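Residue numbers (UniProt numbering): 1 to 358.
Take a look at the structure:
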(Lines of atoms letter the chains of each structure in order from A and count residues from 1; the text may use other names and numbers.)
(Lines give C-alpha, C1' and ligand atoms only; values in the text may rest on other atoms or scores of the structure.)
Protein backbone atom coordinates (compact mmCIF):
# COMPACT_ATOMS: atom_id res chain seq x y z
CA UNK A 1 0.00 0.00 0.00
CA UNK A 2 2.82 2.38 0.93
CA UNK A 3 4.61 1.65 -2.35
CA UNK A 4 1.39 2.26 -4.24
CA UNK A 5 0.93 5.64 -2.53
CA UNK A 6 4.54 6.57 -3.35
CA UNK A 7 3.99 5.68 -6.99
CA UNK A 8 0.83 7.76 -6.99
CA UNK A 9 2.59 10.77 -5.48
CA UNK A 10 5.45 10.46 -7.97
CA UNK A 11 2.93 10.44 -10.80
CA UNK A 12 1.23 13.50 -9.29
CA UNK A 13 4.56 15.37 -9.19
CA UNK A 14 5.25 14.45 -12.81
CA UNK A 15 1.79 15.65 -13.81
CA UNK A 16 2.39 18.96 -12.03
CA UNK A 17 5.84 19.29 -13.63
CA UNK A 18 7.59 19.39 -10.26
CA UNK A 19 11.06 18.02 -10.94
CA UNK A 20 13.61 17.79 -8.13
CA UNK A 21 16.90 17.99 -10.00
CA UNK A 22 20.18 19.85 -9.92
CA UNK A 23 19.66 20.93 -13.52
CA UNK A 24 16.25 22.42 -12.84
CA UNK A 25 17.24 24.28 -9.68
CA UNK A 26 21.01 24.71 -9.95
CA UNK A 27 21.29 25.55 -13.64
CA UNK A 28 17.95 26.58 -15.13
CA UNK A 29 16.60 28.58 -12.19
CA UNK A 30 19.94 30.15 -11.28
CA UNK A 31 20.66 31.13 -14.87
CA UNK A 32 17.20 32.64 -15.24
CA UNK A 33 17.65 34.60 -12.02
CA UNK A 34 20.78 36.18 -13.48
CA UNK A 35 18.76 37.30 -16.52
CA UNK A 36 16.16 38.83 -14.24
CA UNK A 37 18.90 40.68 -12.39
CA UNK A 38 20.36 41.86 -15.67
CA UNK A 39 16.98 43.09 -16.94
CA UNK A 40 16.32 45.12 -13.80
CA UNK A 41 19.13 46.06 -11.40
CA UNK A 42 22.03 45.91 -13.83
CA UNK A 43 20.46 47.56 -16.84
CA UNK A 44 18.83 50.10 -14.54
CA UNK A 45 22.23 50.96 -13.07
CA UNK A 46 23.71 51.38 -16.54
CA UNK A 47 20.86 53.60 -17.74
CA UNK A 48 20.98 55.72 -14.59
CA UNK A 49 24.74 56.15 -14.90
CA UNK A 50 24.41 57.19 -18.54
CA UNK A 51 21.76 59.70 -17.51
CA UNK A 52 23.90 61.10 -14.69
CA UNK A 53 26.96 61.43 -16.93
CA UNK A 54 25.00 63.02 -19.78
CA UNK A 55 22.89 65.19 -17.48
CA UNK A 56 19.64 63.62 -18.74
CA UNK A 57 17.29 63.31 -15.77
CA UNK A 58 14.73 61.18 -17.62
CA UNK A 59 17.33 58.40 -18.03
CA UNK A 60 18.12 58.61 -14.32
CA UNK A 61 14.41 58.18 -13.56
CA UNK A 62 14.01 55.28 -16.01
CA UNK A 63 16.98 53.51 -14.51
CA UNK A 64 15.50 54.01 -11.05
CA UNK A 65 12.23 52.37 -12.12
CA UNK A 66 14.14 49.36 -13.45
CA UNK A 67 16.13 48.98 -10.23
CA UNK A 68 12.99 49.16 -8.09
CA UNK A 69 11.60 45.93 -9.59
CA UNK A 70 14.70 43.81 -9.03
CA UNK A 71 12.98 41.32 -6.74
CA UNK A 72 9.90 40.76 -8.93
CA UNK A 73 12.09 40.48 -12.06
CA UNK A 74 14.22 37.76 -10.48
CA UNK A 75 11.20 35.86 -9.19
CA UNK A 76 9.36 35.88 -12.52
CA UNK A 77 12.54 34.80 -14.30
CA UNK A 78 12.94 31.86 -11.91
CA UNK A 79 9.27 30.96 -12.31
CA UNK A 80 9.65 31.00 -16.08
CA UNK A 81 12.60 28.60 -15.83
CA UNK A 82 10.55 26.30 -13.59
CA UNK A 83 7.81 26.32 -16.25
CA UNK A 84 5.15 27.71 -13.93
CA UNK A 85 1.53 28.07 -15.10
CA UNK A 86 0.49 31.71 -15.73
CA UNK A 87 -1.28 32.30 -12.40
CA UNK A 88 1.69 30.97 -10.46
CA UNK A 89 4.14 32.97 -12.59
CA UNK A 90 2.32 36.26 -12.11
CA UNK A 91 1.84 35.66 -8.39
CA UNK A 92 5.59 35.33 -7.98
CA UNK A 93 5.88 39.09 -8.53
CA UNK A 94 4.71 39.67 -4.97
CA UNK A 95 6.91 36.87 -3.64
CA UNK A 96 10.00 38.36 -5.27
CA UNK A 97 9.24 41.79 -3.86
CA UNK A 98 8.84 40.41 -0.32
CA UNK A 99 11.93 38.19 -0.41
CA UNK A 100 14.19 40.84 -1.89
CA UNK A 101 13.00 43.56 0.50
CA UNK A 102 13.33 41.38 3.60
CA UNK A 103 16.59 39.75 2.47
CA UNK A 104 18.51 43.00 2.64
CA UNK A 105 21.96 42.91 1.04
CA UNK A 106 21.56 39.18 0.45
CA UNK A 107 18.19 39.65 -1.21
CA UNK A 108 19.02 37.80 -4.45
CA UNK A 109 19.77 34.56 -2.59
CA UNK A 110 16.59 34.94 -0.52
CA UNK A 111 14.58 35.46 -3.71
CA UNK A 112 16.19 32.41 -5.31
CA UNK A 113 15.45 30.02 -2.43
CA UNK A 114 12.00 31.27 -1.51
CA UNK A 115 10.75 31.68 -5.07
CA UNK A 116 11.58 28.06 -5.86
CA UNK A 117 9.57 26.81 -2.88
CA UNK A 118 6.61 29.13 -3.51
CA UNK A 119 6.59 28.32 -7.23
CA UNK A 120 6.53 24.56 -6.65
CA UNK A 121 3.76 24.89 -4.05
CA UNK A 122 1.77 27.00 -6.47
CA UNK A 123 2.24 24.43 -9.21
CA UNK A 124 0.97 21.66 -6.92
CA UNK A 125 -2.42 23.35 -6.41
CA UNK A 126 -2.70 24.91 -9.87
CA UNK A 127 -5.94 23.89 -11.64
CA UNK A 128 -6.84 21.41 -8.91
CA UNK A 129 -9.99 23.30 -7.83
CA UNK A 130 -12.92 25.05 -9.48
CA UNK A 131 -11.80 28.33 -7.92
CA UNK A 132 -8.27 28.14 -9.24
CA UNK A 133 -8.16 31.88 -9.87
CA UNK A 134 -8.34 32.37 -6.08
CA UNK A 135 -6.57 29.29 -4.73
CA UNK A 136 -3.41 29.35 -6.86
CA UNK A 137 -2.45 33.02 -6.27
CA UNK A 138 -3.33 32.72 -2.57
CA UNK A 139 -1.16 29.65 -2.04
CA UNK A 140 1.73 31.08 -4.04
CA UNK A 141 1.71 34.56 -2.53
CA UNK A 142 0.90 33.61 1.08
CA UNK A 143 3.46 30.78 1.19
CA UNK A 144 6.10 32.99 -0.43
CA UNK A 145 5.37 35.98 1.80
CA UNK A 146 5.37 33.90 4.98
CA UNK A 147 8.62 32.20 4.00
CA UNK A 148 10.07 35.64 3.28
CA UNK A 149 9.02 36.91 6.72
CA UNK A 150 10.39 33.85 8.49
CA UNK A 151 13.56 33.09 6.54
CA UNK A 152 14.56 35.90 4.13
CA UNK A 153 16.38 37.99 6.77
CA UNK A 154 18.41 34.96 7.88
CA UNK A 155 19.16 33.84 4.31
CA UNK A 156 20.14 37.38 3.36
CA UNK A 157 22.32 37.78 6.43
CA UNK A 158 24.07 34.46 5.77
CA UNK A 159 24.78 35.39 2.15
CA UNK A 160 25.98 38.81 3.25
CA UNK A 161 28.30 37.24 5.83
CA UNK A 162 29.80 34.83 3.29
CA UNK A 163 30.27 37.60 0.73
CA UNK A 164 31.67 39.88 3.43
CA UNK A 165 34.13 37.18 4.53
CA UNK A 166 35.35 36.72 0.95
CA UNK A 167 35.79 40.46 0.50
CA UNK A 168 37.49 40.82 3.90
CA UNK A 169 39.88 37.96 3.08
CA UNK A 170 40.65 39.52 -0.31
CA UNK A 171 41.48 42.86 1.31
CA UNK A 172 43.66 41.04 3.85
CA UNK A 173 45.37 38.64 1.42
CA UNK A 174 44.93 40.21 -2.04
CA UNK A 175 47.41 37.91 -3.79
CA UNK A 176 46.15 34.55 -2.53
CA UNK A 177 42.48 35.50 -2.65
CA UNK A 178 42.99 37.22 -6.00
CA UNK A 179 44.08 33.87 -7.44
CA UNK A 180 41.34 31.92 -5.68
CA UNK A 181 38.40 34.19 -6.49
CA UNK A 182 39.50 34.76 -10.08
CA UNK A 183 39.95 31.06 -10.82
CA UNK A 184 36.77 29.88 -9.09
CA UNK A 185 34.42 32.53 -10.49
CA UNK A 186 35.96 32.13 -13.96
CA UNK A 187 35.39 28.38 -13.85
CA UNK A 188 31.81 28.88 -12.66
CA UNK A 189 31.21 31.28 -15.56
CA UNK A 190 32.17 28.60 -18.09
CA UNK A 191 30.18 25.89 -16.31
CA UNK A 192 26.42 25.80 -16.99
CA UNK A 193 25.91 27.72 -13.73
CA UNK A 194 25.38 31.45 -13.40
CA UNK A 195 28.45 33.19 -12.02
CA UNK A 196 26.52 36.48 -12.22
CA UNK A 197 23.76 35.16 -9.98
CA UNK A 198 26.27 33.78 -7.48
CA UNK A 199 28.18 37.06 -7.33
CA UNK A 200 24.90 38.93 -6.88
CA UNK A 201 23.69 36.53 -4.19
CA UNK A 202 26.91 36.99 -2.23
CA UNK A 203 27.09 40.72 -2.90
CA UNK A 204 30.61 40.29 -4.25
CA UNK A 205 32.08 43.75 -4.78
CA UNK A 206 35.30 45.60 -3.92
CA UNK A 207 38.64 43.93 -4.63
CA UNK A 208 36.98 40.50 -4.63
CA UNK A 209 34.58 41.75 -7.29
CA UNK A 210 37.54 42.97 -9.33
CA UNK A 211 39.17 39.54 -9.07
CA UNK A 212 35.89 37.95 -10.17
CA UNK A 213 35.76 40.22 -13.22
CA UNK A 214 39.35 39.26 -14.04
CA UNK A 215 38.56 35.54 -13.86
CA UNK A 216 35.48 35.84 -16.06
CA UNK A 217 37.33 37.92 -18.65
CA UNK A 218 40.19 35.39 -18.72
CA UNK A 219 37.77 32.60 -19.60
CA UNK A 220 35.79 34.52 -22.22
CA UNK A 221 38.63 36.35 -23.97
CA UNK A 222 40.94 33.35 -23.48
CA UNK A 223 38.65 30.86 -25.21
CA UNK A 224 37.73 33.40 -27.90
CA UNK A 225 41.36 34.00 -28.85
CA UNK A 226 42.57 30.44 -28.33
CA UNK A 227 39.88 29.04 -30.63
CA UNK A 228 40.15 31.73 -33.32
CA UNK A 229 41.81 29.28 -35.73
CA UNK A 230 38.79 26.98 -35.56
CA UNK A 231 35.93 29.46 -35.11
CA UNK A 232 37.19 32.68 -36.72
CA UNK A 233 35.37 35.96 -36.15
CA UNK A 234 31.99 34.44 -35.33
CA UNK A 235 33.55 32.44 -32.50
CA UNK A 236 35.52 35.45 -31.31
CA UNK A 237 32.36 37.51 -30.88
CA UNK A 238 30.20 34.65 -29.58
CA UNK A 239 32.65 33.79 -26.82
CA UNK A 240 34.33 37.14 -26.21
CA UNK A 241 31.11 39.14 -25.95
CA UNK A 242 28.74 36.24 -25.29
CA UNK A 243 29.86 33.37 -23.09
CA UNK A 244 32.65 30.83 -22.79
CA UNK A 245 29.97 28.33 -21.78
CA UNK A 246 29.76 27.49 -25.48
CA UNK A 247 32.96 25.45 -25.01
CA UNK A 248 31.44 23.20 -22.32
CA UNK A 249 30.80 20.33 -24.73
CA UNK A 250 34.39 20.48 -25.98
CA UNK A 251 35.68 20.63 -22.39
CA UNK A 252 33.85 17.42 -21.57
CA UNK A 253 35.53 15.73 -24.53
CA UNK A 254 38.98 17.16 -23.73
CA UNK A 255 39.29 18.83 -20.28
CA UNK A 256 42.83 20.00 -21.11
CA UNK A 257 41.48 22.83 -23.26
CA UNK A 258 40.28 24.45 -20.04
CA UNK A 259 43.80 24.83 -18.66
CA UNK A 260 45.09 27.87 -20.65
CA UNK A 261 42.29 30.33 -19.76
CA UNK A 262 42.17 29.02 -16.18
CA UNK A 263 45.91 29.52 -15.76
CA UNK A 264 45.53 32.97 -17.29
CA UNK A 265 42.90 33.81 -14.65
CA UNK A 266 45.33 32.70 -11.93
CA UNK A 267 47.70 35.41 -13.19
CA UNK A 268 45.26 38.24 -13.94
CA UNK A 269 43.39 37.84 -10.63
CA UNK A 270 46.26 38.84 -8.33
CA UNK A 271 47.41 41.48 -10.82
CA UNK A 272 43.94 43.02 -10.55
CA UNK A 273 43.96 42.97 -6.74
CA UNK A 274 47.63 43.72 -5.99
CA UNK A 275 48.89 45.91 -8.82
CA UNK A 276 45.93 47.73 -10.32
CA UNK A 277 43.66 47.58 -7.23
CA UNK A 278 40.75 47.08 -9.61
CA UNK A 279 37.48 47.07 -7.71
CA UNK A 280 33.91 46.32 -8.66
CA UNK A 281 31.88 48.88 -6.76
CA UNK A 282 28.99 48.85 -9.19
CA UNK A 283 26.19 46.26 -9.08
CA UNK A 284 27.50 42.95 -7.68
CA UNK A 285 25.88 41.00 -10.53
CA UNK A 286 28.37 42.65 -12.93
CA UNK A 287 31.25 40.92 -11.10
CA UNK A 288 30.24 37.65 -12.70
CA UNK A 289 29.55 38.92 -16.22
CA UNK A 290 33.09 39.38 -17.57
CA UNK A 291 33.09 40.85 -21.07
CA UNK A 292 29.53 39.75 -21.85
CA UNK A 293 28.17 42.87 -23.50
CA UNK A 294 30.99 44.71 -21.70
CA UNK A 295 28.84 44.50 -18.57
CA UNK A 296 31.80 43.81 -16.28
CA UNK A 297 33.66 46.84 -17.58
CA UNK A 298 30.58 49.05 -17.36
CA UNK A 299 30.15 47.84 -13.78
CA UNK A 300 33.72 48.81 -12.90
CA UNK A 301 33.17 52.21 -14.51
CA UNK A 302 29.90 52.85 -12.65
CA UNK A 303 31.77 51.89 -9.47
CA UNK A 304 34.36 54.56 -10.23
CA UNK A 305 31.62 57.13 -10.66
CA UNK A 306 29.93 56.08 -7.41
CA UNK A 307 33.24 56.31 -5.55
CA UNK A 308 33.87 59.79 -6.93
CA UNK A 309 30.39 60.95 -5.88
CA UNK A 310 30.95 59.46 -2.41
CA UNK A 311 34.30 61.23 -2.11
CA UNK A 312 36.22 57.95 -1.88
CA UNK A 313 37.93 58.50 -5.24
CA UNK A 314 39.21 61.81 -6.58
CA UNK A 315 38.93 60.95 -10.26
CA UNK A 316 39.42 58.34 -12.97
CA UNK A 317 43.10 58.07 -13.88
CA UNK A 318 44.97 56.77 -16.92
CA UNK A 319 46.25 53.97 -14.66
CA UNK A 320 42.65 52.92 -14.00
CA UNK A 321 41.93 52.66 -17.72
CA UNK A 322 45.23 50.85 -18.34
CA UNK A 323 44.42 48.33 -15.62
CA UNK A 324 40.97 47.65 -17.04
CA UNK A 325 42.33 47.21 -20.58
CA UNK A 326 45.13 44.87 -19.50
CA UNK A 327 43.14 42.78 -17.01
CA UNK A 328 39.98 42.47 -19.08
CA UNK A 329 41.30 42.17 -22.65
CA UNK A 330 45.03 42.24 -23.36
CA UNK A 331 46.50 39.91 -20.74
CA UNK A 332 43.78 37.21 -21.01
CA UNK A 333 44.48 36.97 -24.75
CA UNK A 334 48.28 36.95 -24.48
CA UNK A 335 48.54 34.66 -21.46
CA UNK A 336 46.04 32.12 -22.81
CA UNK A 337 47.96 31.86 -26.06
CA UNK A 338 51.26 31.49 -24.18
CA UNK A 339 49.82 28.58 -22.24
CA UNK A 340 47.99 27.06 -25.22
CA UNK A 341 50.78 27.02 -27.81
CA UNK A 342 53.03 24.48 -26.01
CA UNK A 343 49.95 22.36 -25.23
CA UNK A 344 49.12 22.25 -28.94
CA UNK A 345 52.70 21.28 -29.75
CA UNK A 346 52.55 18.44 -27.22
CA UNK A 347 49.30 17.23 -28.74
CA UNK A 348 47.28 17.92 -25.58
CA UNK A 349 45.09 20.23 -27.64
CA UNK A 350 44.44 18.90 -31.12
CA UNK A 351 43.01 20.55 -34.20
CA UNK A 352 39.25 21.15 -33.93
CA UNK A 353 39.20 20.38 -30.19
CA UNK A 354 37.85 23.92 -29.77
CA UNK A 355 35.54 23.86 -32.79
CA UNK A 356 32.05 25.27 -32.16
CA UNK A 357 28.94 24.52 -34.15
CA UNK A 358 28.13 28.14 -34.98
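Where is the CB? At the ideal position from N, CA and C, for every residue including glycine.
No experiment lies behind these values; they were computed from the predicted model shown.
> For the stretch 136-201, which segments carrying the alpha helix (DSSP H) assignment without a break, of at least 4 residues, lie completely within its bounds, in sequence order?
Replying inline: 174-190
> Closest to residue 353 by CA distance: which of 276, 249, 310, 290 is it?
Replying inline: 249
>> As a quick exercise: from 226, 23, 159, pick the residue whose alpha carbon is nearest that of residue 284.
In response: 159
> In the stretch 53-126, which residue ranges form an unbroken alpha helix (DSSP H) of at least 4 residues, counting only runs that do not cross its ends?
Replying inline: 57-68, 70-81, 86-103, 107-125
>> Contact defined as beta carbons within less than 8 Å: I believe residue 187 pairs with residue 262. What is the distance between those atoms, to the nearest angstrom?
In response: 7 Å
> Between residue 356 and residue 231, which are expected to be in contact by the criterion C-beta below 8 Å, what is the C-beta distance as a whole number of angstroms?
Replying inline: 5 Å
> In three-state DSSP terms, what is residue 33?
Replying inline: helix
>> Let me check understanding here. Comparing Cα to Cα, which of 154, 93, 204, 26 lies closest to residue 168?
In response: 204
> Counting Cβ pairs closer than 8 Å, one from the stretch 45-64 and one from the stretch 111-125, do we hit at least three?
Replying inline: no
> Which whole-angstrom value describes the C-beta separation of residue 80 and residue 34, a residue pair presumed to lie in contact below a C-beta threshold of 8 Å?
Replying inline: Rounded, the Cβ-Cβ distance is 13 Å, inconsistent with contact.
> How would you label residue 301, buried or exposed, when you count the other beta carbons within 10 angstroms and need 16 or more for buried?
Replying inline: buried
> Quick one: Cα of residue 321 to Cα of residue 38, how far?
Replying inline: 24 Å
> Helix or strand or just coil, what does DSSP make of residue 289?
Replying inline: coil
> Which of helix, strand or coil does DSSP assign to residue 278?
Replying inline: coil
> Going straight from the alpha carbon of residue 66 to that of residue 339, what length do you get?
Replying inline: 42 Å
>> Checking the sheet assignment: what are the DSSP bridge partners for residue 206?
In response: 280
> Looking at the structure shown, is residue 364 part of a helix, part of a strand, or coil, going by DSSP?
Replying inline: An answer regarding residue 364 cannot be provided, because it is not within the stretch 1 to 358 covered by the chain.
> If you count every other CB in all the chains shown that lies within 10 Å of the CB of residue 237, and 16 or more means buried, which is it?
Replying inline: exposed
>> Just to confirm my understanding: we take residue 153, look at its own chain, exclude 5 residues before and 5 after, and list those with CB closer than 6 Å. What are they?
In response: 102
> Assuming residue 193 contacts residue 30 under a Cβ cut-off of 8 Å, what Cβ separation, rounded to an integer in Å, is found between them?
Replying inline: 6 Å
> Between the C-alpha atoms of residue 141 and residue 72, what's the straight-line distance to the nearest angstrom?
Replying inline: 12 Å
> Is the Cβ-Cβ distance between residue 124 and residue 16 less than 8 Å?
Replying inline: yes
>> Please return the same chain residues whose Cβ sits closer than 7 Å to the Cβ of residue 50, not counting the five positions on each side in sequence.
In response: 59
> Near residue 224, what residues of its chain come up, given a Cβ to Cβ distance below 7 Å and the 5 sequence neighbours on each side ignored?
Replying inline: 235, 236, 239, 240
> For residue 270, which residues from the same chain have a beta carbon less than 6 Å from its beta carbon, with the 5 sequence-adjacent residues on both sides left out?
Replying inline: 175, 178, 179
> Are the C-beta atoms of residue 63 and some chain B residue less than 8 Å apart?
Replying inline: In the structure shown, chain B cannot be found, because there is only a single protein chain.
> Can you tell me whether DSSP reads residue 351 as helix, strand or coil?
Replying inline: coil
> Counting pairs of beta carbons, one from the stretch 205-220 and one from the stretch 284-299, are three or more of them closer than 8 Å?
Replying inline: yes
>> Quick check on DSSP: helix, strand or coil for residue 230?
In response: helix
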